[in-house]
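Asker: Sharing a structure here in structure tokens format.
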Amino acid sequence: MSQANIGVVGLAVMGSNLARNLASREGNTVAIYNRSYDKTEALVAAHPEANFVAAQTIQEFAASLSAPRTAIIMVKAGAGTDAVIDQLCQVFEPGDIIVDGGNALFTDTIRREAAVRATGINFVGAGISGGEEGALTGPSIMPGGSAEAWETLGPILRSIAAIAEGEPCVTHVGTDGAGHFVKMIHNGIEYADMQLIAEAYDLIRRGTGKSPAQIADIFAEWNTGELESYLIEITAEVLRQVDASTGKPLVDVIVDEAGSKGTGVWTVQTALSLGTPVSGIAEAVFARGLSSHPEQRALAANFPGPDNFSVADEDAFIEDVRQALYASKIVAYSQGFDAIRAGAAEYNWTINLGEVARIWRGGCIIRAQFLNRITEAYRADESLALLMAAPYFADAVATAQSAWRRVVIAATQAGIPAPAFGSSLSYYDGLRADRLPAAVVQGQRDFFGAHTYRRVDKDGTFHTQWSGDRTEISAVDTH
Ligand code: 6PG
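Anchor point for the sequence shown: position 139 equals 844 in the numbering used here, and the numbering is continuous, going up by one each time.
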């Protein structure tokens, strides 16, 4: 019986929740399959309202789907994904659609898409953001793959995506690995945003002595203004939480070593090879790395630093931190969108950056009020080379820059690490500099390696004969 229009393979929490979300939407009948049938049975028993079509074997699963068969794989990214794709390719037919909804590395998606396409089956790598809750109630979805697959998949994904201001948070991002690429950058921005909020908390706590609960109130207040975002909102919740067994703020009993599953690292690795300076995102990844080396931290614990720190005007300082956070956040998004632009150029994707911002307004972890401003900026100028140069963001950063500097100075003087604040400010100053010391680097490169340089006053490429008479000659550009 081919009664289901969509199937889900892999019924861990994300898969189960996505299957339930699909089943709850008008017009969908959902087939489900899991490697061990126990999980399938348990899901069917727990959610009779979903009317799942439970399959015991992959053959049964394929038989239960109407053509074109469409299945979303929700397994942990890696070898398991390849194994499920192989299984599905054996039971699916040309024209059918396999969707990988995991956090796959986009280059794996490019490879898989090419291999699956050769069989005539469509393969779509789709980034899905929003965690367990989002999968159930409405995630932000970033599908790649072919336009043909999108025709079938579009209505199904629109039916389950988060809605922001009346519009579903899903769009066909681009071909093959474009969806997973954009999801990877989403996660990179997520890392930066989280680190910036954490630095803001640390500065306020150590600068004013306020308790986590009091800082939760400050964040809740910030969440009513231009910083309004899911991450600010949940940080307030985390800071307010009291540990039941000790009565202490939960944040004080959590070990201060940040984990990661790798998508932030991928963002930075990819940006490095694209030559795109995502320095705020990189600092966030490195900060997690530093935190997770207790043996190094123990050896450095007695390194001297400044004496106790307290600020004279608490309210003014907190407002400065808010502005520094906003400016640094703009840098993180600007760098992230820059990386998407560079990735699109490198991999021949046509990615509408305004659309990316639009589908991040709801459902995903970095959903934030100011994504509307990003959409507007790209609608006004599709080929904008630097997001933070759009009038709205340029004004916002100009307004914040004095406060930003005061905060970075205060952090440095107080010995409080604020790597993401600091590097974001340096990026801003680097961009706006009239002259950069890159000229010195070019001189050094020419000195030891005859790497040549260009001049400000005439065209061409030049080399100074450093080991000879130090006269300048025209040279072939060696970069
Ligand atoms: C999302 C998240 C999610 C990611 C977690 C964990 O968009 O829903 O990005 O996909 O897996 O945030 O990431 P780390 O373990 O690397 O922090």
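Heads up, the beta-carbon is just placed ideally off N, CA and C, and yes, glycines get one too. Note that the coordinates shown come from a computational prediction; the quantities given were computed from them, not determined experimentally.
Relative to the C-alpha of residue 837, which residue among 716, 754 and 931 is closest?
Answerer: It is 716.
Asker: Mapping the DSSP letters down to three states, classify residue 834 as helix, strand or coil.
Answerer: Strand, per DSSP.
Asker: The beta strand (DSSP E) spanning residue 738 covers which residue range?
Answerer: 735-738 is the span of the beta strand (DSSP E), which, as asked, contains residue 738.
Asker: Any heavy atom of the ligand 6PG within a distance shorter than 7 Å of the CB on residue 814?
Answerer: Checking every heavy atom of the ligand 6PG against the Cβ of residue 814, none is found closer than 7 Å.
Asker: Report the rounded CA-to-CA distance for residue 921 versus residue 909, giving the unit in angstroms.
Answerer: One C-alpha to the other measures close to 11 Å.
Asker: Straight-line CA distance for residue 771 to residue 758?
Answerer: Approximately 12 Å, taken between the alpha carbons.
Asker: So what's residue 779 in DSSP terms, helix, strand or just coil?
Answerer: DSSP places residue 779 in coil when its eight states are reduced to three.
Asker: Compute the Euclidean distance between the alpha carbons of residue 1173 and residue 1153, then round it to the nearest angstrom.
Answerer: Near 13 Å, if we compare the C-alpha coordinates of residue 1153 and residue 1173.
Asker: Could you tell me whether the Cβ atoms of residue 849 and residue 831 are closer together than 8 Å?
Answerer: For residue 849 and residue 831, yes; Cβs fall inside 8 Å.
Asker: Which one of 917, 923, 843 and 936 has the shortest CA to CA distance from residue 958?
Answerer: When each option's Cα is compared against that of residue 958, the closest is 917.
Asker: Under the criterion of a Cβ to heavy atom distance below 7 Å, does residue 722 qualify as lining the ligand 6PG?
Answerer: Answer for residue 722: no, Cβ out of range of the ligand 6PG.
Asker: Using C-beta distances below 6 Å, list every residue in its chain close to residue 988, excluding the 5 sequence neighbours before and after it, in chain order.
Answerer: Contacts found: 1124, 1125 and 1128.
Asker: Quick one, are the C-beta atoms of residue 941 and residue 1067 less than 8 Å apart?
Answerer: Result no, Cβ atoms of residue 941 and residue 1067 do not sit closer than 8 Å.
Asker: For residue 1096, count the other beta carbons within 10 Å of its own beta carbon; 16 or more makes it buried, fewer makes it exposed. Which is it?
Answerer: The residue in question, residue 1096, is exposed, as its Cβ has fewer than 16 Cβ neighbours within 10 Å.
Asker: Is the beta carbon of residue 1121 less than 8 Å from the beta carbon of residue 1014?
Answerer: Closer than 8 Å, so yes.
Asker: Which term fits residue 1171, buried or exposed, when burial requires 16 or more other beta carbons within 10 angstroms of its beta carbon?
Answerer: Residue 1171 comes out exposed.
Asker: Residues bridged to residue 804 by DSSP?
Answerer: Beta-bridge pairing links residue 804 to 777 and 829.
Asker: With a cut-off of 8 Å on the beta carbons, I'd call residue 778 and residue 807 a contact; round off their distance for me.
Answerer: Confirmed, about 7 Å.
Asker: Is it right to say residue 1140 is buried, meaning 16 or more other beta carbons lie within 10 angstroms of its own, or is it exposed?
Answerer: Residue 1140 is exposed by the Cβ-count criterion.
Asker: Any heavy atom of the ligand 6PG closer than 7 Å to the Cβ of residue 744?
Answerer: Checking every heavy atom of the ligand 6PG against the Cβ of residue 744, none is found closer than 7 Å.
Asker: Is it the case that the CB of residue 962 approaches a heavy atom of the ligand 6PG more closely than 7 Å?
Answerer: No; taking the cut-off as 7 Å, the Cβ of residue 962 has no heavy atom of the ligand 6PG nearer than that.
Asker: List the endpoints of the continuous beta strand (DSSP E) containing residue 1177.
Answerer: Where residue 1177 is concerned, the enclosing beta strand (DSSP E) stretches over 1177-1179.
Asker: Compare the beta carbon distance of residue 1027 and residue 932 with 8 Å and say whether it is the shorter of the two.
Answerer: Yes. Within cutoff.
Asker: Which parts of the region 1085-1165 are runs of the alpha helix (DSSP H), unbroken and 4 residues or longer, counting only runs that do not cross its ends?
Answerer: You should have 1096-1119, 1124-1137 and 1143-1154.
Asker: Hey, is the region 947-958 in contact with the region 854-867, meaning 3+ C-beta pairs nearer than 8 Å?
Answerer: Flag = no, the region 947-958 and the region 854-867 do not touch.
Asker: Provide the residue(s) that pair with residue 846 in DSSP beta bridges, ordered along the chain.
Answerer: Per DSSP, 833 and 875.
Asker: If you draw a straight line from the C-alpha of residue 1118 to the C-alpha of residue 978, how long is it?
Answerer: Distance between the alpha carbons of residue 1118 and residue 978: 35 Å.
Asker: Suppose you measure from the CA of residue 962 to the CA of residue 860; what does that come to, to the nearest Å?
Answerer: Going by the C-alpha atoms only, they are around 42 Å apart.
Asker: Tell me, which residues are paired with residue 1167 by DSSP?
Answerer: Paired residues: 1158 and 1179.
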